[in-house]
Amino acid sequence: MKATVSDIARNCGLSTATVDRVLNNRPGASAANRQRVMEAAKQLGYLPVADQVTLPSKPANLEFFLPIGSNAFMQDLAKHIEDYASRLPLVASCRIHNLAGISPNALQTSVEKLSLRANGVGVIAVDHPRTRNILRDIVEAGIRLVTLVSDIPAAPRSAYVGIDNRVAGRTAALLMGRFLGGREGRLAMVVGSRSYRGHEERE
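First residue of the sequence shown? That's 6 in the working numbering, and the numbers climb one at a time after it.
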């Protein structure tokens, strides 16, 4: 059973409010208390131990490549990434690149603007051989890669951040079936692009 905030507070002798501030990177906790909370959280298995995760030795420069366009979800995502990154002491800079479309060509054009100082890249892109080659080049340059929202498993990414799209599709189908109340009929599905693995999995 995973440790709770209360467990961590008891372990390090601090209030749950202080523990919550530290774990959510909010102000109001001293450096000493932050250290106590982080050590207790790791000891109780709430956070990965040091040999499971490598924290950067200095603040990282992050760049994100997103097909924002007029998509409200993408616009909100870009804003939240920038807002959250601005509050993290381990982030030196965060740049959002607005892809001019979803094609591999659009990604290639945008990646050419990648800063030489970049340490990490986050990307939402279609699963295509050219895309995978572009992402492979990024990783071979020593930059950590994370895929967002729609995964590209064959790319050498460090992690995927997003939901299980196949489960999401099944859940949507289950709810639609219930809403129909046993009635039969034809269904229309709207997808952005089947080139996105996430869209294909939900379908």
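In this text, a Cβ means the ideal position worked out from N, Cα and C, and glycines have one as well. The model shown is predicted, which means the values in this text are computed figures rather than measured ones.
Query	Result
Would you check if the region 94–108 and the region 63–80 touch, i.e. whether three or more CB-CB distances between them fall below 8 Å?	yes
Considering only their Cβ atoms, is the gap separating serine 155 from tyrosine 201 smaller than 7 Å?	yes
Counting only runs that start and end within the region 130–187, where is the beta strand (DSSP E) found for 3 or more residues in a row?	149–153, 164–166
Look up glutamate 117 in the DSSP assignment and say whether it is helix, strand or coil.	coil
Determine contact between the region 145–159 and the region 167–183, defined as no fewer than three beta-carbon pairs at a distance below 8 Å.	yes
In terms of DSSP beta bridges, what is asparagine 66 paired with?	Ser98
Using DSSP's beta-bridge definition, name the partner residues of asparagine 103.	Leu71
Which stretch, first to last residue, makes up the beta strand (DSSP E) that contains valine 128?	125–128
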